[in-house]
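Let me begin by presenting the structure, written as structure tokens, before commenting on it.
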Amino acid sequence: MSKKLMMSIAPVLVIAAFAVMPAMASANTEAYGTVTGGVFTPFAGPTNVLSEKTPGSGNFVLKTAGGGVIECATFEDKGVNENVGGVGMSKDALVFDDCVVAAGPAAGCEVANIEGTVENEVLAGGVKVGIFNLVGFVVSLTGKPVGCPEGIIGQVTLEKEATEVVGNQAEGSNALVFEEAPGLEFNKEKATITGSDSTVTEVGGEPVLIN
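Sequential numbering from 1 applies to the sequence shown in our numbering.
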């Protein structure tokens, strides 16, 4: 390569490098941690956490494109949050209970606890969390009340590989909110999830935030 050509390209490379650096820096600050005295401290290693339905929020609602609705009044989660390469990651064991079919062919029928595991990642901007893996979440009817069927009626899965179900977490809040978030399927039918959960550390009960 000629010296003249190299000199003409060099400024472009420098500009490109500076353009990339802020993006890389911001990506590396999207982490889980706690705030004390207004100072955010990211978790230094895997941290056990607990989640429950955000106080005052409504039920968790799974709604299918065909009009089926399953509502769950209670939610519990035991998980682990950690910062891999500065990006918040979590693995959680979730239990949705007090569930009923609110609309659809089995409306009014009781649903057994819906359990499974998920993996999450803090997304760009530090105010969104995306679910990128989901295992379990089989939906079964209990046969109650009288006249309702009993047995498995389906499974909640991601709509397709690499789909993310995205929730928002406002700055300074530990509540993760899903508002008819798309990306799920129930028996291969597109579905959305609505609900809010709040996470604290298992030891000390400190609110878990993302920055």
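Glycine included, every Cβ here is placed at the ideal spot set by N, Cα and C.
Every value quoted in this text rests on a predicted model; they were computed, and no experiment measured them.
Q: Tell me whether S196 sits in a helix, a strand or coil according to DSSP, three-state version.
A: Looking at S196 - three-state DSSP - the assignment turns out to be strand.
**Q.** Opening and closing residue of the beta strand (DSSP E) in which G88 lies
**A.** Where G88 is concerned, the enclosing beta strand (DSSP E) stretches over V87 to A103.
Q: Please say whether G195 and N109 have beta carbons closer to each other than 9 angstroms?
A: First, the residue type needs correcting, since residue 109 is Cys and not Asn in the sequence shown. Contact flag unset, no.
Q. Just how far apart, CA to CA, sit V80 and T117?
A. One C-alpha to the other measures close to 11 angstroms.
Q | Three-state class that DSSP yields for V84 in the structure shown | A | In this structure, DSSP gives V84 an extended state, which the three-state scheme calls strand.
Q | Assigned secondary structure, Q169 (DSSP; H/G/I helix, E/B strand, else coil) | A | Note: Q169 maps to coil in three-state DSSP.
Q: Report yes if the CB atom of A102 is closer than 9 angstroms to the CB atom of C148, and no otherwise.
A: In this structure, A102 sits away from C148, with a CB-CB distance that is not shorter than 9 angstroms.
**Q.** Beta-carbon spacing of E121, F132 below 9 angstroms
**A.** Yes, the Cβ-Cβ distance between E121 and F132 is below 9 angstroms.
**Q.** Cβ-based neighbour list, E171, same chain, cut-off 6 angstroms, excluding 5 preceding and 5 following
**A.** Contacts found: none.
Q.
Can you tell me whether L123 is helix, strand or coil according to DSSP?
A. Coil.
Q. What did DSSP end up calling C109 once you bin it into helix, strand or coil?
A. Coil, per DSSP.
**Q.** Element boundaries [beta strand (DSSP E), containing V280]
**A.** No answer is possible for residue 280: the residues shown for the chain start at 1 and end at 211.
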